[in-house]
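Engineer: Residue numbers (this note's numbering): 26 to 140. Note that the Cβ used here is the ideal one computed from N, Cα and C, for glycine as well. Since this is a predicted model, take the numbers as computed values, not measurements.
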Amino acid sequence: GRLDTATSWEPIRLVTSPMDILYEVRRPAPTTPYAYVKVAEGCDKPCTFCAIPLFRGTQRSRPPVNIREEIAALVDQGVGEVVLVAQDLAAYGRDLDAPGGIVELLEFVGDVDGL
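#1: Pro-71 to Pro-124, Cα distance in whole Å?
#2: Which residues does DSSP list as the beta-bridge partners of Val-110?
#3: Which first and last residues belong to the alpha helix (DSSP H) in which Asp-101 is found?
#4: So is Gly-103 buried or exposed if we call it buried at 16+ other beta carbons inside 10 Å?
#5: Where DSSP assigns a beta bridge to Arg-85, which residues make up the other side?
#6: Tell me whether Asp-113 counts as near the ligand NAD, meaning its Cβ is closer than 7 Å to at least one heavy atom of that ligand.
#7: Which one of Leu-140, Gln-112, Asp-113 has the shortest CA to CA distance from Glu-106?
Following this line, the structure appears as structure tokens:
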């Protein structure tokens, strides 16, 4: 999302929805036979050594249908392999109340023709 300009030592605040990061995917035509697909953004774990929750926010997963549509579009452009990425891939879907999580997502997107 977009941030306000910092004018003091107070924390910078997010002024647009962090979900924009997940849905505003502007991707050039692939030049490799593989592509990276972001399935979630952020993390819910408060590890003392990590700042991801501070600047990426809490875990926000993309809906499976949205991910499948992106993968199908990539396959139509010649991609034959996708790499699913997230800060905490194992936590995919918990915020969507998806009981199957990443396993269910893999089953759902794994049968895209041409993949």
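Structural biologist: Let me spell this out:
#1: Going from the Cα of Pro-71 to the Cα of Pro-124 covers about 23 Å.
#2: Val-110 pairs with Lys-63.
#3: In this chain, the alpha helix (DSSP H) harbouring Asp-101 covers 89–101.
#4: Label assigned to Gly-103: exposed.
#5: Listed as beta-bridge partners of Arg-85 by DSSP are Glu-66.
#6: Inclusion of the ligand NAD in the displayed structure is not the case, the ligand content being empty and no account of it being possible.
#7: Selected option, being the one with the closest Cα: Leu-140.
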